[in-house]
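Number of protein chains: 2
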Amino acid sequence: MTYHIHFNKPYFTGKEGQYILDAVQTGKISGNGKYTLLCHEFLQHRYGFKKCLLTTSCTDALEMAAILLNIQPGDEVIMPAYTFVSTANAFVLRGAKIVFADSGSENPNMDVDRIEELINEKTVAIVVVHYAGIVCNMDKVMQLSSKYDLKVIEDAAQAIESFYINKKGDKKALGSIGHMAAFSFHETKNIISGEGGMLVINDPQFEKRAEIIWEKGTNRSAFFRGEVDKYNWVDIGSSFLPSDIIAAFLYAQLEQIETIQAKRLEIWNHYYTGLKYLEEENMISLPVIPRHATNNAHMFYIVCKSPEIRDGLITFLKSRGILTVFHYLSLHKSPFYEPKHDGRHLEWSDLYSERLVRLPMYFELSDDQVQQIINSIKDFFYKK
Amino acid sequence: MTYHIHFNKPYFTGKEGQYILDAVQTGKISGNGKYTLLCHEFLQHRYGFKKCLLTTSCTDALEMAAILLNIQPGDEVIMPAYTFVSTANAFVLRGAKIVFADSGSENPNMDVDRIEELINEKTVAIVVVHYAGIVCNMDKVMQLSSKYDLKVIEDAAQAIESFYINKKGDKKALGSIGHMAAFSFHETKNIISGEGGMLVINDPQFEKRAEIIWEKGTNRSAFFRGEVDKYNWVDIGSSFLPSDIIAAFLYAQLEQIETIQAKRLEIWNHYYTGLKYLEEENMISLPVIPRHATNNAHMFYIVCKSPEIRDGLITFLKSRGILTVFHYLSLHKSPFYEPKHDGRHLEWSDLYSERLVRLPMYFELSDDQVQQIINSIKDFFYKK
Chain A
1 MTYHIHFNKP YFTGKEGQYI LDAVQTGKIS GNGKYTLLCH EFLQHRYGFK KCLLTTSCTD
61 ALEMAAILLN IQPGDEVIMP AYTFVSTANA FVLRGAKIVF ADSGSENPNM DVDRIEELIN
121 EKTVAIVVVH YAGIVCNMDK VMQLSSKYDL KVIEDAAQAI ESFYINKKGD KKALGSIGHM
181 AAFSFHETKN IISGEGGMLV INDPQFEKRA EIIWEKGTNR SAFFRGEVDK YNWVDIGSSF
241 LPSDIIAAFL YAQLEQIETI QAKRLEIWNH YYTGLKYLEE ENMISLPVIP RHATNNAHMF
301 YIVCKSPEIR DGLITFLKSR GILTVFHYLS LHKSPFYEPK HDGRHLEWSD LYSERLVRLP
361 MYFELSDDQV QQIINSIKDF FYKK
Chain B
385 MTYHIHFNKP YFTGKEGQYI LDAVQTGKIS GNGKYTLLCH EFLQHRYGFK KCLLTTSCTD
445 ALEMAAILLN IQPGDEVIMP AYTFVSTANA FVLRGAKIVF ADSGSENPNM DVDRIEELIN
505 EKTVAIVVVH YAGIVCNMDK VMQLSSKYDL KVIEDAAQAI ESFYINKKGD KKALGSIGHM
565 AAFSFHETKN IISGEGGMLV INDPQFEKRA EIIWEKGTNR SAFFRGEVDK YNWVDIGSSF
625 LPSDIIAAFL YAQLEQIETI QAKRLEIWNH YYTGLKYLEE ENMISLPVIP RHATNNAHMF
685 YIVCKSPEIR DGLITFLKSR GILTVFHYLS LHKSPFYEPK HDGRHLEWSD LYSERLVRLP
745 MYFELSDDQV QQIINSIKDF FYKK
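One line per chain: the protein sequences are A and B, in this order.
Under the working numbering, the first residue of the first sequence is numbered 1, with each subsequent residue one higher.
Under the working numbering, the first residue of the second sequence is numbered 385, with each subsequent residue one higher.
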């Protein structure tokens with residue numbers, strides 16, 4: 001099958017090659033080079049993050065968070081079942097038991113009103129996933145964090161350039177609210193480096209150790225700042241740093257963030273306007289952006305009325321040469337975790353798993369193509 | 385301090401940018417794309433590796449090996465104390481106890497005649513580090529592996545394009561002998577991608593699970609081959625795949641491997657010839673290449689007669705604008721592992737730690753520069 005409209009296409013701003021060559025010419029293309037520092041500064045400044053550390057993936061950023069939380073076998077971590085495997089894997093690798101929460105009816109985010117019932121004396125952290133870059137009620141999550149002394153990790157893989165708006169109307173960047181946050185720059189994200197990620201550390205107690213874990217368990221960063229006279233093995237750790245080639249690519253993207261975001265929002269709004277009628281006719285559901293959230297146009301998804309309709313729609317669009325995809329298989333039902341899950345039925349997680357479909361979304365998608373997708377979806381529902 | 389001769393300078397073949405742009409144009413720059421496959425094929429074919437999987441670092445390749453060996457808390461792993469932290473960290477992350485072996489008198493590799501005394505019923509693996517790309521007596525190591533049913537992991541970080549020659553005179557590429565092997569493409573290596581690595585799987589029993597662990601614990605690879613109808617969370621794992629941007633960069637390097645190796649060997653031989661006299665005068669020791677080993681010119685090091693002379697030499701060369709470096713701090717004496725070490729004195733490991741110095745070694749180093757370094761070393765020893 002050849003698709004004439006792909007699901008994703010990585011965007012090339014044009015400056016990536018130049019910056020990579022420049023990185024080579026600086027004489028340092030391993031981790032923590034010139035472009036890594038430029039990315040850190042850009043992101044800290046733009047979003048008010050306390051400390052950024054680029055990683056080779058969002059998965060790796062989550063693994064760093066799990067190590068920093070000093071997760072021990074038996075510790076419990078609460079997170080949505082409707083998420084990518086890495087959200088859970090990072091904590092499972094340190095021996096945690098995952099307690100899966102259900103999504104809400106409004107969107108696939110965790111139902112924050114039903115988190116408290118999952119907390120017990122073994123709970124150490126809540127991992128909030130900002131699905132499609134849309135935030136849940138973080139005031140409620142942070143209140144639980146204070147009440148039960150739990151750490152909050154934001155899985156902000158999809159959430160760059162998205163914000164939380166509190167009751168007073170103050171805007172805070174996603175990733176700046178929890179104790180730590182993990183971002184992704186995977187090729188399917190708004191800002192990309194093929195594979196890539198970043199850990200954000202907002203709670204200063206984790207800053208020093210984060211640098212050590214990032215640098216393979218050594219105090220190399222302190223050494224280069226002249227704080228210790230040789231660098232040594234002082235802790236567990238891994239090689240979490242990406243090549244400066246990756247950072248150079250990423251920096252070219254970050255410089256274009258406003259252009260990229262404007263285009264993605266235009267596509268998102270085109271979809272929304274074009275498909276609104278189908279929602280009004282009760283044929284599909286469209287994303288809901290709550291009052292406390294902004295939209296970063298990471299993803300455009302629709303929710304069908306049954307799994308059969310969803311699968312039929314994907315097949316129909318495929319016959320028109322349009323690639324659409326579904327995800328996630330609920331993690332509590334995965335071959336790996338089902339035997340370890342406590343058996344609770346997670347109705348909404350299963351519903352999104354069976355009925356959600358993601359439409360093509362990338363910078364180079366033209367108005368005509370978006371309109372063609374909208375028309376094809378209408379054709380499917382009106383059996384044309 | 386400005387150095388006019390650096391310790392390392394990453395080499396750019398000229399085709400990296402073109403291949404990266406091509407990767408972008410294929411529409412896939414995440415892991416396991418076109419250039420990842422090209423690198424896998426190139427390396428499997430050239431070295432007779434059974435299966436290659438690029439990783440984001442050699443550290444990550446070692447971590448994959450530790451997961452594949454199913455290391456459990458309390459399992460013992462034997463490895464040299466004179467190595468980079470990642471050799472050990474990868475196994476410590478899975479709960480292993482590290483049993484550090486001493487180096488030999490001939491070169492910093494493990495003294496293979498003293499491995500057997502470290503084996504007990506808890507031992508599960510021997511990690512051999514091919515220091516400076518020079519191999520130890522692998523026949524002896526593989527005999528121990530058979531006798532005690534131990535797995536052998538080759539830490540081949542420095543060992544690309546180097547070979548083991550057995551008694552019959554047969555040559556085998558380093559990385560093709562043990563059950564698994566880990567390579568590095570860090571910017572200081574012969575073939576580079578800034579940060580980067582590769583796991584080699586020679587024992588077919590690990591192949592299938594390796595792909596799963598590589599893909600975040602999912603059966604995604606099998607899914608794309610059509611072996612399963614959807615991909616799912618089936619095991620622990622991480623995001624070990626590098627971006628195809630990294631693979632594109634690496635492929636440009638691999639294509640030039642013979643040119644790169646020829647130049648490095650020329651530099652190595654220049655150093656060796658130029659410094660031989662100092663060894664004959666018993667002022668320094670030069671690297672020994674045993675009859676069973678080839679030389680890939682990864683590194684040129686000299687061993688001084690005392691720590692004071694070593695430190696004096698580094699300082700002297702620095703005053704001449706030449707950057708030389710030492711390594712490693714013996715891991716059994718590190719702040720992290722000393723309290724866990726069994727107290728054995730590791731004489732040779734400490735000796736190399738205190739007396740070894742690495743000289744500049746990179747493609748663009750000119751004959752004149754090498755001669756200048758040789759002359760400066762002679763000046764130091766003859767107090768000029």
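Beta carbons: idealized from backbone N, C-alpha and C, even for Gly.
Nearest to Lys506 (chain B) by alpha carbon, out of B:Ala480, B:Ser530 and B:His716?
-> B:Ala480
Would DSSP call Ser285 (chain A) helix, strand or coil?
-> strand
So which of A:Ile78, A:Ile67 and A:Val92 has the shortest CA-CA distance to Val389 (chain A)?
-> The requested residue 389 (chain A) does not occur in the structure, where chain A is confined to residues 1 to 384.
For Phe380 (chain A), which option in A:Ala125, A:Arg355, A:Ala132 and A:Leu278 has the closest C-alpha, if you only look at C-alpha atoms?
-> A:Leu278
Answer with yes or no whether the minimum CB distance from His390 (chain B) to chain A is below 9 Å.
-> yes
Determine the closest residue to Gly197 (chain A) out of A:Met142, A:Leu54, A:Asn269 and A:Gln261, with distance taken between C-alpha atoms.
-> A:Leu54
Assign Asp367 (chain A) to one of two classes, buried (16 or more other C-beta atoms within 10 Å of its C-beta) or exposed (fewer than that).
-> exposed
Is there contact here, the region 56-72 of chain A with the region 300-316 of chain A, by at least three beta-carbon pairs under 8 Å?
-> no
Out of B:Asn680, B:Ala472 and B:Ile451, point me to the one whose CA is closest to His725 (chain B)'s CA.
-> B:Ala472
Check whether the Cβ of Ile620 (chain B) lies closer than 9 Å to any Cβ atom in chain A.
-> yes
is_contact[Phe633 (chain B), chain A] using C-beta, thresh 9 Å | yes
Can you pull the DSSP bridge partners for Arg742 (chain B)?
-> B:Tyr685 and B:Val709
Closer than 8 Å, Cβ to any Cβ of chain A: which residues of the region 698-715 of chain B, in chain order?
-> Leu713 and Leu715
Classify Pro588 (chain B) as helix, strand or coil using the three-state DSSP reduction.
-> helix
Range covered by the beta strand (DSSP E) that runs through Met564 (chain B) = Met564 to Ser568
Note the first and the last residue of the continuous alpha helix (DSSP H) segment covering Cys136 (chain A).
-> Taken as a continuous stretch (DSSP letters only), Cys136 (chain A) belongs to no alpha helix (DSSP H), as it is neither H nor E.
For Gly559 (chain B), which beta-bridge partners are listed by DSSP?
-> Answer is none; Gly559 (chain B) lacks a bridge partner.
Return the CA-CA distance between Val511 (chain B) and Arg355 (chain A), expressed in angstroms with no decimal places.
-> 49 Å
Please list the partners that His570 (chain B) has in chain A, where partner means a Cβ-to-Cβ separation under 8 Å.
-> Ser30
Name the residues in the region 725-751 of chain B whose C-beta lies less than 8 Å from a C-beta of chain A; which are they?
-> none
Does the beta carbon of Trp598 (chain B) sit closer than 9 Å to a beta carbon anywhere in chain E?
-> In the structure shown, chain E does not exist; the protein chains are A and B.
Give the DSSP-derived three-state secondary structure of Leu54 (chain A) in the structure shown.
-> strand
Cutoff 7 Å; reference Asn491 (chain B); Cβ partners in own chain excluding five residues on either side = Tyr515, Ile518, Pro671 and Val672
Within chain B, the residues that Val85 (chain A) reaches when beta carbons sit closer than 7 Å | Lys600, Gly601, Thr602 and Trp617
Would you please verify whether the beta carbon of Lys230 (chain A) is less than 9 Å from any beta carbon of chain B?
-> yes
Compute the beta-carbon to beta-carbon distance between Val129 (chain A) and Thr188 (chain A), rounded to the nearest angstrom, for a pair I have assumed lies under 8 Å.
-> Contact flag wrong, Cβ pair sits at about 15 Å.
Proximity winner among B:Ile576, B:Gln589 and B:Ser568, relative to Leu583 (chain B) (alpha-carbon distances) = B:Ser568
When you compare each of B:Val709, B:Arg675, B:Gly727 and B:Ile641 to Met522 (chain B) by their alpha carbons, which one comes out closest?
-> B:Arg675
Straight-line Cα distance separating Ala485 (chain B) from Gln756 (chain B) | 37 Å
For the alpha helix (DSSP H) holding Phe608 (chain B), just list the boundary residues, first then last.
-> Arg604 to Phe608
Is the CB-CB distance between Ala23 (chain A) and Gly578 (chain B) below 9 Å?
-> yes
Does any CB atom of chain B fall closer than 9 Å to the CB of Tyr301 (chain A)?
-> no
Classification of Gln589 (chain B) by the beta-carbon crowding that lies within 10 angstroms, buried from 16 upward | exposed
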